[in-house]
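Throughout, the working numbering is defined as the position within the first sequence, counted from one, plus 69. All C-beta atoms in this analysis are idealised placements derived from N, C-alpha and C, irrespective of residue type, glycine included. Following: one structure in structure tokens, then a few remarks.
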Amino acid sequence: MPELPEVETTRKGITPKANKQVIESFIVRNSNLRWPINLELQQILPGLVIESIQRRGKYLLLKTELGTLLIHLGMSGNLRVLPKETEVQKHDHVDISLENGYVIRLNDPRRFGSVLWHSAEQGDVSQHKLLSKLGPEPLSEAFNGNYLYEKSRNRKIAIKSFIMNSHIVVGAGNIYANESLFMSKIHPQTIASKLTKKQCQLLADNIKTVLAAAIEQGGTTLKDFLSPDGKPGYFVQKLNVYDQAGKPCPVCKTEIEKIILNQRACYFCPKCQTRKL
DNA sequence: TTTATAACCTGAACGC
DNA sequence: TGCGTTCAGGTTATAA
Numbered sequence: 070m071p072e073l074p075e076v077e078t079t080r081k082g083i084t085p086k087a088n089k090q091v092i093e094s095f096i097v098r099n100s101n102l103r104w105p106i107n108l109e110l111q112q113i114l115p116g117l118v119i120e121s122i123q124r125r126g127k128y129l130l131l132k133t134e135l136g137t138l139l140i141h142l143g144m145s146g147n148l149r150v151l152p153k154e155t156e157v158q159k160h161d162h163v164d165i166s167l168e169n170g171y172v173i174r175l176n177d178p179r180r181f182g183s184v185l186w187h188s189a190e191q192g193d194v195s196q197h198k199l200l201s202k203l204g205p206e207p208l209s210e211a212f213n214g215n216y217l218y219e220k221s222r223n224r225k226i227a228i229k230s231f232i233m234n235s236h237i238v239v240g241a242g243n244i245y246a247n248e249s250l251f252m253s254k255i256h257p258q259t260i261a262s263k264l265t266k267k268q269c270q271l272l273a274d275n276i277k278t279v280l281a282a283a284i285e286q287g288g289t290t291l292k293d294f295l296s297p298d299g300k301p302g303y304f305v306q307k308l309n310v311y312d313q314a315g316k317p318c319p320v321c322k323t324e325i326e327k328i329i330l331n332q333r334a335c336y337f338c339p340k341c342q343t344r345k346l
């Protein structure tokens with residue numbers, strides 16, 4: 070479910086009711102996520118103030134005086150702010166209950182998500198093992214055509230796999246990787262090092278464009294994504310190739326093809342996106 | 001060091 | 001109706 074725009078939508082959604090609020094309790098119903106949840110948090114968190122709610126890549130960072138809670142939504146996670154008395158549903162694994170009467174509730178059927186703790190004693194959260202090696206934010210100035218060009222030299226993997234690698238750039242999940250390559254007229258199987266500087270420039274610009282547009286519209290609705298206020302995202306109407314196999318390309322009417330590339334579905338127009346090996 | 005593959009897990013959709 | 005198969009938005013650990 071969540072790619073970067075969905076995580077950003079979640080961050081914006083929970084901020085009004087959760088930021089600067091005091092944590093009353095931390096309830097774990099199922100600690101068995103991607104990594105086990107540290108149950109000591111049930112003693113550590115109560116009484117602490119959520120000082121800020123930030124995002125790094127697809128991680129949500131809830132900062133407190135004693136440390137930062139890192140929350141990743143994985144493939145199927147959903148974080149919502151609900152009145153405390155709201156009935157618990159299946160797969161509601163974690164509650165961060167607040168003194169203001171609301172609860173931040175994590176629901177994650179597949180449990181690929183994670184809730185991790187980085188204590189203040191361990192230094193800045195950016196030094197956390199899972200954050201320290203992340204590439205730049207796609208919407209920052211640090212991510213641009215020159216960066217992409219330099220990074221891709223001598224890399225022999227498919228460009229789609231390359232841009233989906235969070236150590237290169239964060240936030241280009243499967244939907245947006247497919248869409249940005251289509252917009253750039255680059256075949257997803259093109260060897261990364263074969264891209265010209267101009268193509269890298271175009272691709273970087275389009276990754277920014279597609280992510281910014283998706284954030285603007287509240288994320289993509291696929292199956293079950295809802296923002297924390299329960300509204301769906303509306304970006305799905307703008308998808309050109311993702312999940313469009315067999316349908317005509319919006320530009321040239323050629324049938325959109327689907328292949329599997331590194332275990333992930335990959336959609337492209339064989340005419341607009343010419344292959345370069 | 002780089003790239004490919006397996007793994008984590010549930011549920012929906014589909015074919016028989 | 002029910003059973004088996006396939007696939008899904010992500011990311012890491014491990015193997016090659």
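Delimiting residues of the beta strand (DSSP E) encompassing residue i
{"i": "Lys267", "result": "Segment 266-285 is the alpha helix (DSSP H) holding Lys267; no beta strand (DSSP E) there."}
{"i": "Thr137", "result": "136-141"}
{"i": "Ser121", "result": "121-125"}
{"i": "Ser333", "result": "The sequence given here has Arg at residue 333, not Ser. 333-337 is the extent of the beta strand (DSSP E) around Arg333."}
{"i": "Arg149", "result": "147-152"}
{"i": "Leu208", "result": "Leu208 -> no beta strand (DSSP E), and no H or E assigned at all."}
{"i": "Ile53", "result": "The question about residue 53 has no answer here: the residues shown for the chain are numbered 70 through 346."}
{"i": "Ile96", "result": "92-97"}
Euclidean distance between Cα positions of residue i and residue j
{"i": "Ile119", "j": "Gly146", "result": "21 Å"}
{"i": "Pro105", "j": "Asp161", "result": "15 Å"}
{"i": "Pro178", "j": "Glu77", "result": "20 Å"}
{"i": "His256", "j": "Ala246", "result": "11 Å"}
{"i": "Lys198", "j": "Glu326", "result": "38 Å"}
{"i": "Ala87", "j": "Gln196", "result": "25 Å"}
{"i": "Asp193", "j": "Val279", "result": "31 Å"}
{"i": "Lys322", "j": "Ile329", "result": "22 Å"}
{"i": "Arg103", "j": "Leu148", "result": "16 Å"}
{"i": "Asn275", "j": "Ser230", "result": "16 Å"}
{"i": "Arg333", "j": "Ile244", "result": "10 Å"}
{"i": "Leu271", "j": "Pro317", "result": "24 Å"}
{"i": "Asn99", "j": "Leu142", "result": "15 Å"}
{"i": "Gly82", "j": "Asn215", "result": "34 Å"}
Three-state secondary structure (DSSP) of residue i
{"i": "Ser249", "result": "helix"}
{"i": "Asn215", "result": "helix"}
{"i": "Ala227", "result": "strand"}
{"i": "Arg180", "result": "coil"}
{"i": "Asn243", "result": "helix"}
{"i": "Arg174", "result": "strand"}
{"i": "Glu77", "result": "helix"}
{"i": "Ser195", "result": "helix"}
{"i": "Tyr311", "result": "coil"}
{"i": "Lys202", "result": "coil"}
{"i": "Pro319", "result": "coil"}
Span of the alpha helix (DSSP H), counted from its first residue to its last, around residue i
{"i": "Arg103", "result": "Unbroken run through Arg103: none, as it is neither H nor E."}
{"i": "Ser235", "result": "That residue, Ser235, is in no alpha helix (DSSP H); it is neither H nor E in DSSP."}
{"i": "Leu110", "result": "110-113"}
Spatially closest choice to residue i from the options, by CA coordinates
{"i": "Ile173", "options": "Val91, Glu190, Pro74", "result": "Val91"}
{"i": "Ile165", "options": "Leu139, Ile228, Arg180", "result": "Leu139"}
{"i": "Gly242", "options": "Tyr311, Val194, Ser121, Phe212", "result": "Tyr311"}
{"i": "Tyr267", "options": "Leu73, Ser253, Cys338, Cys318", "result": "In the sequence under discussion, the amino acid at residue 267 is Lys, which differs from the Tyr named in the question. Nearest option by C-alpha distance: Ser253."}
{"i": "Gln123", "options": "Pro115, Lys316, Leu117, Thr137", "result": "Thr137"}
{"i": "Met233", "options": "Pro207, Asn215, Thr79", "result": "Pro207"}
{"i": "Arg180", "options": "Ile113, Leu167, Lys159", "result": "Lys159"}
{"i": "Val97", "options": "Asn215, Arg80, His236, Asn176", "result": "Asn176"}
{"i": "Pro320", "options": "Ala314, Ala334, Cys338", "result": "A small correction: the amino acid at residue 320 is Val; Pro does not occupy that position in the sequence shown. The residue with the shortest Cα to Cα distance from Val320 is Cys338."}
{"i": "Gly116", "options": "Arg80, Lys153, Glu168, Glu75", "result": "Glu168"}
* Count the C-beta pairs between the segment 216-236 and the segment 256-265 that are closer than 8 Å, then say yes if the count reaches three, no if not. => yes
* Validate contact between the segment 187-201 and the segment 97-111 using beta carbons, cut 8 Å, 3 pairs -> no
* Asked: Any chance the segment 279-290 sits against the segment 325-344, with 3 or more Cβ pairs inside 8 Å?
  -> no
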